[in-house]
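The structure appears right after this line, and notes come after that.
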Amino acid sequence: MTNQPTSEPTDKDNVVTRLDVWLDRRTGIDSILHETLDEPIPGGARWAYIFGSGLLFLFVSQIITGIFLALYYVPSADHAHTVVSYIVKEVTSGSFIRSIHAYGSSGIIILLVLHIGQTIVYGSYKGRRELLWLSGCILLALMLGMAFTGYLLPWDEKAYFASAVGTNLIAEVPLIGPPLQQLIRGGNQMGTLTLSRFYVLHVFVLPGLLISFIAAHVFFFRKAGAAGPIEEDPIHPRLPAVPFYPRQVAMDAVFAVVLIGILAAIALKTPMDLGPAANPADTHFLPRPEWYYLPFFQWLKYLSGHWSLIGGILLPAVLALIFAALPFFDRRLERRPWRRPIVVGAFLLFLVVYVSLGVASHRDDAKDPGVAEQMHKQEEDAKAFMQQPFVPEAAAGSPAAALASAPPEVVKGLALFQAGSCNSCHGEAGIGTAAAGPLTGVGQKYTDAQLLALLRTPDSKMINGGMMPVDLKQDDLEALVAYLRQLH
Amino acid sequence: MELTPQTNEGVKVEPKNRRSFLLALFGLSGAGVSALLAVPLVRFVTYPLRRRAAANTWSEVGPVQDFVAITAPVAKTIMLERRDAWQTTSSQTAVYVLPSRAGQFRILSPICPHLGCSVRWVDDQNKFICPCHAGLFTADGERIAGPPPRSMDSLEAKVEDGVLKVRYQYFRQLVSSKETMA
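Next comes the structure, spelled out in structure tokens:
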């Protein structure tokens, strides 16, 4: 960790030193490390500062577990629930990895509240830190978007119905509400397009934006410098500075281990459950969002008529704007919380209201016997589903799936197709193999008479490919043609 | 963190023993995170290596009494279930059940070892004949004449609860020894 120019390596130096010198001359790694690790912190390291790096750590954990989950995930309404069930029930450590990812999102929300709380109580948004604060607000919104879009992906009952309610709210937005809702859902109703849109947002768009804004957030933080303790001047620090490395790094590392330890303990003790597959026709299911959206859900219950627009959309929008604009109107450099009763009080009031609404939601559900019974049933259904062994789904186009409804002639043709080993070259359901091309779509290309003629006397191109004349009775040939005609 | 007391002078370089304590701490943190995350992640990604081959690859051919009295090979259509991760595909295929010899059932794959055409049993000639390139086989599936490089392929058979079962497999064509294809 030196910012001196690296000296010529000598034979006396050990291998590590020589490697370091070699690398540094080609990359400048030492000065990068110096720049990263020797960031001055006025007043020195504190446990209060660990939440930002804790968030970064959990975000990296989410990226890693998310990439691994994508190994087995298919974003399509007809497969999503099966593949998540496969991950949870069949793949080794699958339930654990999914639980770390799912509980990790709750961890991020909790750390966001702590990080924002620390920033507000310490007044660390003050003194030329407007852009730092704004980039943080955008990160908060992006993270809430990640939580919302990720929740739908398992496509079980609670995911489906909670997202249906969540996207219904969008229709309340003045003027552009209904088309916006349709755009986000990919249609009027929740469906497979909703799932692919949420997937693309969750996996490509939002993570890309998150990484960009995290970079901006860290850049603005380094530009403004660490704000230090509450008695410190946020623009011209007076307290002696202590470098970020090693004490703050050590605290951050301990915190990272504690975070992953808590997540792992919860994941092992109560693995994230997966309920039965979404059934849009189920009229009894009571949707409840994840706990961090529950207070907002409860708040909406108190609103009706035009109040739902004012309270459900306009009020949160105005509050969000005021929150984002905080460093622009709170411009005093005073940082001690007891001298800033309005901002600190408003934040505490928000927390109290938020927690109370969450508690009220649970109390409402417990108070109504009908609701309590249904909620209990839903929990039992999810538990029962988790106990059942994994059931693979029949592949589409698999003869067993298609046979059920096919006309008898097609069924007979399929039997002839398989008995004649046509499938050994042309593949199951005529999808083609390395030996011979696909037969799908031949029905559009040829008439029945042409197909019959080609089967009896293949053309020279077919014969060169190894095709033999099909020696069958007329009605068998017709059945085979009927089968070939419906291949697609 | 009482082991590295904070000073107001701004400590640029930690004393050596504290430094090694901190390095040990980072090492421990790294090991802790690795144990908790990396091990399950590696197990997760290498799952296909450890998954045992599908245990139940036996297909039902039919009740044993249907085959005890046969005197010539009989073609039967069987259902093949194949598992592809979270999906199953099923298909039908034909097999030949041969007359039992000393109580042992023998089952042949109808796929010609030459180019994969479907070999037919021709009763009045008492032979298996491949319609594509006129490969000839005895009633036991032994090669007599024609381009096929080997005899017809026999399949594993067993009787379970009075039901004849076969373990269907595909074999490589155009080679003189019987090689299973995955």
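Read top to bottom, the protein sequences are chains U and Z. Numbering (our numbering) for the first sequence: 1 to 488. Numbering (our numbering) for the second sequence: 489 to 670. Glycine is no exception: its CB is placed at the ideal position from the N, C-alpha and C atoms.
| Query | Result |
| --- | --- |
| Simplified DSSP state of F390 of chain U, which is helix, strand or coil | coil |
| From Z:C600, Z:G604, Z:L596, Z:K646, residue whose alpha carbon lies closest to that of A436 of chain U | Z:G604 |
| DSSP state of L484 of chain U mapped onto helix, strand, coil | helix |
| Which residues DSSP lists as bridging E231 of chain U, in chain order | E231 of chain U is not bridged to any residue. |
| CB contact check: T82 of chain U to chain Z, cutoff 8 Å | yes |
| Limits of the alpha helix (DSSP H) - the one that W22 of chain U falls within | 15 to 27 |
| Residue environment, W307 of chain U, which counts as buried when at least 16 other CB atoms sit within 10 Å | exposed |
| Continuous alpha helix (DSSP H) stretch holding W537 of chain Z: start and end | The residue you asked about is not Trp; residue 537 of chain Z is Leu in the sequence shown. Here the alpha helix (DSSP H) through L537 of chain Z covers 535 to 538. |
| For A395 of chain U, the three-state DSSP class (helix, strand or coil) | coil |
| Closer than 8 Å to chain U by CB, W574 of chain Z | yes |
| Exposed unless 16 or more other CB atoms sit within 10 angstroms - verdict on N614 of chain Z | exposed |
| Contacts around V113 of chain U, its chain only, beta-carbon distance under 8 Å, and the 5 residues preceding and following it disregarded | L351 |
| Simplified DSSP assignment, three categories, for P271 of chain U | coil |
| Nonlocal neighbours in the same chain, by C-beta distance under 7 Å from T440 of chain U, ignoring five residues either side | G430, I431, L487, H488 |
| Nonlocal neighbours in the same chain, by C-beta distance under 6 Å from I595 of chain Z, ignoring five residues either side | V583, V585, L643, A645, V654 |
| Per-residue burial, I310 of chain U [other beta carbons within 10 Å of its own, 16 or more giving buried] | exposed |
| Check whether H621 of chain Z and L662 of chain Z have beta carbons under 8 Å apart | no |
| Check whether L134 of chain U and A324 of chain U have beta carbons under 8 Å apart | yes |
| Where G441 of chain U falls: helix, strand or coil (DSSP) | coil |
| Proximity test, Cβ basis, 8 Å: E409 of chain U and chain Z | no |
| is_contact[N3 of chain U, chain Z] using C-beta, thresh 8 Å | Summary for N3 of chain U: the model assigns pLDDT 48, below 50, so the residue's position carries little reliability; its value from the coordinates is reported in the next sentence. No, no contact with chain Z. |
| Inter-stretch contact (C-beta, 8 Å, three-pair minimum) for the region 166 to 179 of chain U and the region 82 to 98 of chain U | no |
| Option nearest P229 of chain U by Cα separation, candidates U:F51, U:Q118, U:R363, U:R222 | U:Q118 |
| CB contact check: Q418 of chain U to chain Z, cutoff 8 Å | yes |
| Euclidean distance between Cα positions of R638 of chain Z and M467 of chain U | 21 Å |
| From Z:V556, Z:E569, Z:Q553, residue whose alpha carbon lies closest to that of A394 of chain U | Z:E569 |
| Opening and closing residue of the beta strand (DSSP E) in which R631 of chain Z lies | 631 to 633 |
| Separation of P407 of chain U from P561 of chain Z, as counted between CA atoms | 31 Å |
| Length of the line joining the Cα atoms of S579 of chain Z and K564 of chain Z | 14 Å |
| Outcome for N423 of chain U when other beta-carbon atoms lying within 10 angstroms are tallied against a minimum of 16 | buried |
| Beta-carbon spacing of I50 of chain U, D252 of chain U below 8 Å | yes |
| Chain Z contact for F96 of chain U (CB, 8 Å cutoff) | yes |
| Where R531 of chain Z meets chain U, residues with beta-carbon distance less than 7 Å | T92, S93 |
| Separation of R128 of chain U from R238 of chain U, as counted between CA atoms | 17 Å |
| Burial state of R331 of chain U, where buried means 16 or more other Cβ atoms lie within 10 Å | exposed |
| In chain order, each alpha helix (DSSP H) run of at least 4 residues that lies wholly inside the region 134 to 186 of chain U | 157 to 170, 177 to 185 |
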